[in-house]
Amino acid sequence: SQQGEEDPQALSIQEGENATMNCSYKTSINNLQWYRQNSGRGLVHLILIRSNEREKHSGRLRVTLDTSKKSSSLLITASRAADTASYFCATDAPYGGATNKLIFGTGTLLAVQP
Amino acid sequence: DGGITQSPKYLFRKEGQNVTLSCEQNLNHDAMYWYRQDPGQGLRLIYYSQIVNDFQKGDIAEGYSVSREKKESFPLTVTSAQKNPTAFYLCASSNKETGKEEQYFGPGTRLTVT
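Taken in sequence, the protein lines are chains A and B.
Under my numbering, read the first sequence as residues 1 to 114, first letter to last.
Under my numbering, read the second sequence as residues 115 to 228, first letter to last.
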């Protein structure tokens, strides 16, 4: 089952513009994570935000979390062609006592045109 | 140089054959995971293991088997019972400590069954 749904499914912007991706989920969470995947490669962890946090920054990335709306957004500022990739949100939800069991969304494919 | 490795990168098999995908990590992580990714889709959890000699079914375990005899290794066998085995398979590992919940991914194995 997939808990997270990203929006939009695909996004094309010009270099230097900002890119915003949204993620909605269904159940309560411990934390929400964002990952990046270049075509045909493994995923790379970008940022983790806990359920008691509302906003977090890392370099050109800004993540927000609204637990009342069960949604998160990832903002990439001053985008570069190298940011072209798929971006996934993943939720770490309480699940039968297991920890770190992530449920991934369907992803947003970002294309940054030079 | 710490990391997680998967081999081979590409694998071709005939229908009806079992095939084993390798996953090794030297990050001293307790938890390891196998995911399946289909084109344009997010990741779906096949199996996960939180400790040596223990593993749990994920969301799509049918037709797959795993073992966890060593902390460093978590091989996945795709059996002939898996109806649609052609996919991109990703292995990941994580530390169970709070504050270190991100998952580290291998480069993936692309399996094609004809």
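Here a beta-carbon is modelled for each residue, glycine too, at the ideal position from N, C-alpha and C.
Residue contact with chain A for Q131 of chain B: absent (no Cβ-Cβ distance below 8 Å to any residue of chain A). Under a criterion of Cβ atoms nearer than 7 Å, the residues of chain B adjacent to G107 of chain A are, in order, G156. Here A19 of chain A carries a strand assignment [DSSP, helix/strand/coil]. For the region 39-59 of chain A, the residues whose beta carbon sits under 8 Å from a beta carbon of chain B are, in order, G40, R41, G42, L43, V44, H45 and L48. Interface flag for E215 of chain B against chain A is set, since a Cβ pair is found closer than 8 Å.
When C-beta distances to chain B are compared with 9 Å, the residues of the region 12-30 of chain A below that value are N30, in chain order. In the structure shown, the three-state DSSP call for A78 of chain A is coil.
It is roughly 16 Å from the alpha-carbon of A145 of chain B to the alpha-carbon of Q120 of chain B. Neighbours of L102 of chain A across chain B, judged by C-beta separation under 7 Å: Q217. Scanning chain A for C-beta atoms nearer than 8 Å to the C-beta of P221 of chain B yields R41 and G42, reported in chain order.
Counted as a single uninterrupted DSSP element, the beta strand (DSSP E) harbouring E5 of chain A occupies residues E5 to D7. The C-alpha of Q37 of chain A lies about 23 Å from the C-alpha of I29 of chain A. DSSP, reduced to helix, strand and coil, places D83 of chain A within a helical segment of the structure shown.
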